[in-house]
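Residue numbers (my numbering): 68 to 160.
Even for Gly, the Cβ is constructed at its ideal location relative to N, Cα and C.
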Amino acid sequence: MEEIISKLTGYTFALRDALERTNESSERPKITRHLAAAAEMYALLHMHKTTEAIAHIISAESRGHGLSYLSGDAGKNVAKKWAEFVSAAGVDR
68 MEEIISKLTG YTFALRDALE RTNESSERPK ITRHLAAAAE MYALLHMHKT TEAIAHIISA
128 ESRGHGLSYL SGDAGKNVAK KWAEFVSAAG VDR
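Here's what the structure looks like:
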């Protein structure tokens, strides 16, 4: 569980950085929704101590990441950190 939380933390910070750096106003709501989902995943992992509790969120977020990529280096970092988190969580997308 420690590695999963660590990867989720890295993903969350990448989202925060993307929100601070983006010049695209259309990206701000997308990033904010991803941050809200990350907060929900933290809470569910804390409460249930199992990745099964977040499988439905990972599935929905994976669709969101696949449909609307974020721009620039910050967007690439978000995508990388998301993939690392999902891999650590071991949940099928």
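Here the C-alpha atom of residue 145 lies approximately 21 Å from the C-alpha atom of residue 111. In this chain, residue 158 is not harboured by any alpha helix (DSSP H), its DSSP state being neither H nor E. Between the C-alpha atoms of residue 68 and residue 119 there is a straight-line separation of about 12 Å.
Look at residue 114 here: in three-state DSSP terms it is helix. Counting along the chain, the unbroken alpha helix (DSSP H) around residue 81 starts and ends at 69–88.
Across the structure, residue 116 and residue 153 are spaced so that their CA atoms are roughly 16 Å apart.
Contact between residue 142 and residue 103 is absent: CB atoms are separated by about 18 Å, not below the 8 Å threshold.
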